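Take a look at the structure set out below.
There are 2 protein chains.
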Amino acid sequence: MQKATAEKSDPIAAQLAPVGRETVQDRVYSELRRALIGGLFEPSQILTIRGLADALMTSTMPVREALGRLITEKALEALPNRSVRVPPITLDRMDDLLRARILIEGEAIALAATRMNSRQIATIEGMLGEWDEMRALKHKKDVDREVTLNQTFHFEIYRACGSAVLIPMIESLWLQSGPCIRVAIYAFSEAGEVDTAHYHRTIVKAIATQDAKEARDALVADISRPFTFLRSKLEAEAKKGLSA
Amino acid sequence: MQKATAEKSDPIAAQLAPVGRETVQDRVYSELRRALIGGLFEPSQILTIRGLADALMTSTMPVREALGRLITEKALEALPNRSVRVPPITLDRMDDLLRARILIEGEAIALAATRMNSRQIATIEGMLGEWDEMRALKHKKDVDREVTLNQTFHFEIYRACGSAVLIPMIESLWLQSGPCIRVAIYAFSEAGEVDTAHYHRTIVKAIATQDAKEARDALVADISRPFTFLRSKLEAEAKKGLSA
DNA sequence: TCAATGCAAGTGTGATCACAAATCAAATAA
DNA sequence: TTATTTGATTTGTGATCACACTTGCATTGA
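In order, the protein sequence lines correspond to chains A and B.
Numbering follows my numbering, in which position 140 of the first sequence is assigned residue number 123; successive positions increment by one, without gaps.
Numbering follows my numbering, in which position 148 of the second sequence is assigned residue number 131; successive positions increment by one, without gaps.
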């Protein structure tokens, strides 16, 4: 018995989970994704293959392939010089991203609202408590946890929409808007924003009652907020720079 | 003067277009894309790096990176065995793809309908003539030209929507539905379908009058047709296979 | 005859090297 | 001092190699 496929007749193999051989390239890719969505890289920052390979303690090979993948999903940008950077923020691009996210994530949540079972609803309902918890002990700006929790919440919903086509597109959109969002969340945090979870509560309520329209509306409000906030901030800076 | 950047002061350089150094990887990627959208690969077909490298007369390096990129945009599929294949067709996946295409391409054409100038409209209007031409001399099934013309027509419109976010997503969707479409077009051709350009005329008319809603409706009808056709065909086969 | 074993060919992954292009800095000339 | 040039370093790209895993086929055993 050296076959890799688990057979029902084998009582031992039945309890063993497949080990799943993750390649180095996959780890590099995941790591860069995480950094991008979390906004750890600044817009317009240039990334080099050898630099990342050193930082990730691997050779250049897995890095260059991971970069290539991120470039095709527009999470990174290939300059004509053949160097790669994280795309800069422009107002047009922000509007473009927001419109696409409203369109696609709105559709996904509308689908999910009619398909989530009580167990899944309980999961996202439980997450609301974590926001309360974070707000209670707001001694330090825990931006990282905020970002992660927000991501988990949204994708728990999107995953329930049951579309293997829409979900990767949403991931791509988050990858592209990650650097912007981070800036916005920092700005929120400085501006003393308090109730970041308000729309999330509305979303949970709407999904619990299978109200697709209200879920979509609340989602649109939720994802629009950081964009409009950042937009007004950028416009103010542009005006100031113009007058100076 | 050995600087590569064109300077305004140089009257010769001003007339020269940048030559654009395309890498081997880019050519491989484009070639595989073309093959995929055109449906040259069959669903479930397994692709090997060395096999493609031989066929494209290059080393394995550019091929493996191109394959990696195509896998991330779901144009190809990575099996747990680490071999890669073109994704098989299932009814669920077809419905999923069609819904996403209606959502996103519908939005793109609605945007384009309000933004295309008379020059762009004249371009797509001119393409209608090519369909008439093809229908006139229908001595052989020129599926390749049909596919190419259809693609050019649609993307001429999508390009005018002005969204740098939506267009790559539409390209990804075409990449994913390419293998299905080819099968459907062959089936159309066998079934003696005549007026493949009917909805295209409606689309041009709607755009010329800036009627976004009618343009969207006609587009939905246009892209739904091959899917519903293929769906009924697959269902018939499934039923036949079941009774046999 | 059929299933299990063992060997050989094929395949993906990662590392390393060679080369060309780009970038940066110091040196030189106006 | 400023602009240009020259040279050294850095960087991306492609080729090749080594290794591990998978697959397929022939051999061996019952």
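Every residue, glycine too, gets a C-beta built ideally from N, C-alpha and C.
None of these values were measured; they are calculated from a predicted model.
- In chain A, no part has a C-beta under 8 Å from the C-beta of S27/B; the shortest such distance is about 17 Å.
- Contacts with chain A at 9 Å (Cβ-Cβ) do not include V7/B.
- Excluding five sequence positions before and after W157/A, the CB atoms of its chain that fall closer than 6 Å to its own CB belong to I20, given in chain order.
- According to DSSP, L53/A shares a beta bridge with no other residue.
- Taking C-beta atoms as the reference points, L94/B and M117/B fail to come closer than 9 Å.
- Counting along the chain, A143/B sits inside no alpha helix (DSSP H), nor does DSSP assign it H or E at all.
- Within chain B, the residues whose beta carbon sits less than 7 Å from that of L80/A are V148, listed in sequence order.
- The beta carbon of M99/B is closer than 7 Å to those of A143, I190 in its chain, skipping five residues each way along the sequence.
- The C-alpha of L35/B is placed about 21 Å away from the C-alpha of Q8/A.
- Chain order gives the chain B residues near K57/A as P151, where near means a beta carbon separation below 7 Å.
- Annotated three-state conformation of L23/A is coil, per DSSP.
- Following the DSSP letters along the chain, one finds M110/A inside the alpha helix (DSSP H) bounded by residues 101 to 119.
- In terms of Cβ geometry, S207/B and I29/B do not form a close pair [threshold 9 Å].
- Taking each of S13/B, R165/B, H137/B in turn and checking the Cα distance to F212/B, the smallest one comes out for R165/B.
- Taking every protein chain shown into account, the CB of P209/B has 16 or more other CB atoms within 10 angstroms, so this residue is buried.
- Boundaries for R98/B: no alpha helix (DSSP H) harbours it, and the DSSP string shows neither H nor E there.
- DSSP places A58/B in the coil class of the three-state scheme, outside both helix and strand.
- Cβ contact annotation for R199/B (same chain, cutoff 7 Å, sequence separation greater than five): G89, I92, A93, in chain order.
- Residues Y141 of the same chain have their beta carbon placed closer than 6 Å to that of I150/B, with the five preceding and five following residues left out of the count.
- For D37/B, the uninterrupted alpha helix (DSSP H) run begins and ends at 32 to 39, by DSSP.
- In terms of beta-carbon proximity, G51/B lines the interface with chain A, with at least one pair separated by less than 9 Å.
- In this structure, the CA atom of E25/A is about 6 Å from the CA atom of P162/A.
- Interface flag for L74/A against chain B is unset, since no Cβ pair is found closer than 9 Å.
- Taking C-beta separations shorter than 7 Å and ignoring five residues to either side along the sequence, the partners of R47/B in its chain run I32, following chain order.
- Interface annotation for the region 78 to 106 of chain B against chain A: D79, L80, R82, A83, L86, I87, E90, criterion Cβ-Cβ distance under 8 Å.
- In the DSSP assignment, A191/B falls within the alpha helix (DSSP H) that extends over 181 to 191.
- Around the C-beta of T97/B, fewer than 16 other C-beta atoms lie within 10 Å, and the residue is accordingly described as exposed.
- R16/B sits in a helix when the DSSP states are folded into three classes.
- The region 62 to 72 of chain A and the region 101 to 108 of chain A do not touch, with fewer than 3 CB-CB distances between them shorter than 8 Å.
- By the Cβ neighbour-count rule, M40/B is exposed, with fewer than 16 other Cβ atoms within 10 Å of its own.
- Listed along chain A are R47, E48, G51, each with a C-beta nearer than 8 Å to that of E48/B.
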